[in-house]
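The sequence shown begins at 8 in my numbering and counts up one residue at a time. Beta carbons are placed, not taken as given, at the ideal position from N, Cα and C, and that holds for glycine. Bear in mind that the values here come from a model prediction, so they are computed numbers and not experimental data. These notes concern the structure reproduced below.
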Amino acid sequence: MEPITFTAIVAAIAVTVAKGAGEAVGQNVVNDAYTKLKAVLMRKFGRDSDLVQSVEGLEAKPESEARKLLVEEEVRGAEADKDAEVREAAEELLELLRAQLGGEQHVQSIIGNYNAQADRGSTAEVRVNQPEERQGA
């Protein structure tokens, strides 16, 4: 099993919030794991911390790309991925999400211009306004 990174912590939060944790039958276990992760964040970093506030902001507007980026920034800034208890709670939540989704899923999100993403051994490139090669130039 690969180690939990800050991106995985953010993904666990974002996917759970986007799915509306606890709204569907059978989601109670996911809701409990999400609540546990959020409680760990509150205890470790404080109820009024920028990290917890950013998570609550994402809960209010789960489709907001800006709020997802803010959660990522706050997780990175607080170094939450370096805390063993946070990592453990995030791993538990990710495992439950993977099980519900029918196995591990790879989701990529990209914001901005002139970006390329590759996954699982693939390649990607971006070419913008490449001049045509001229003969004899």
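Exercise for review: Check Thr42 in the structure and name its three-state DSSP category.
Suggested key: By 1-based counting over the sequence shown, the position of residue 42 is 35. Helix at Thr42.
**Study point:** Euclidean distance between Cα positions of Leu104 and Asn136
**Key:** Walking along the sequence shown from the start, residue 104 turns up at place 97. Walking along the sequence shown from the start, residue 136 turns up at place 129. Going from the Cα of Leu104 to the Cα of Asn136 covers about 41 Å.
**Study point:** Euclidean distance between Cα positions of Ala19 and Arg134
**Key:** Working through the sequence shown from its first residue, we reach residue 19 at position 12. Working through the sequence shown from its first residue, we reach residue 134 at position 127. When rounded, the distance between both Cα atoms is 33 Å.
Point to revise | N-terminal and C-terminal residue of the alpha helix (DSSP H) that Val59 is part of | key: Translated into positions along the sequence shown, residue 59 becomes position 52. Residues 57-67.
Check your understanding: Does the beta-carbon distance from Val78 to Val62 come in below 7 Å?
Key -> In the sequence shown, counting from the first residue as 1, residue 78 sits at position 71. In the sequence shown, counting from the first residue as 1, residue 62 sits at position 55. Their beta carbons are under 7 Å apart, which means Val78 touches Val62 by this criterion.
Check your understanding: Are there 16 or more other CB atoms within 10 angstroms of the CB of Thr23, so buried, or fewer, so exposed?
Key -> For this step, residue 23 is matched to residue 16 along the sequence shown. It counts as buried.
Exercise for review: Quick one: residues in its chain with C-beta nearer than 8 Å to the C-beta of Val17, no 5 flanking neighbours on either side, listed in chain order?
Suggested key: Numbered from 1 along the sequence shown, position 10 holds the residue referred to as residue 17. Taken in chain order, the residues that qualify are Lys75, Val78, Glu79, Val82.
Check your understanding: According to DSSP, is Ala19 helix, strand or coil?
Key -> The residue you call residue 19 lines up with position 12 of the sequence shown. Here Ala19 sits in helix by DSSP.
Point to revise | Short Cβ contact (7 Å threshold) for Val93 with Ala85 | key: Here residue 93 is taken as the residue at index 86 of the sequence shown, counted from 1. Here residue 85 is taken as the residue at index 78 of the sequence shown, counted from 1. In this structure, Ala85 does not lie closer than 7 Å to Val93 by Cβ.
Check your understanding: Is Lys89 buried or exposed, if buried means 16 or more other CB atoms sit within 10 Å of its CB?
Key -> To locate residue 89, count along the sequence shown from 1; it is residue 82. It is exposed - the Cβ of Lys89 has fewer than 16 other Cβ atoms within 10 Å.
Review point. When the Cα atoms are used, what is the spatial distance from Lys68 to Glu139?
Key: Taking the first residue of the sequence shown as position 1, residue 68 is located at position 61. Taking the first residue of the sequence shown as position 1, residue 139 is located at position 132. About 45 Å.
Review point. Do the CB positions of Leu233 and Leu44 come within less than 7 Å of each other?
Key: A question about residue 233 goes unanswered here, because the residues of the chain that appear run from 8 up to 144.
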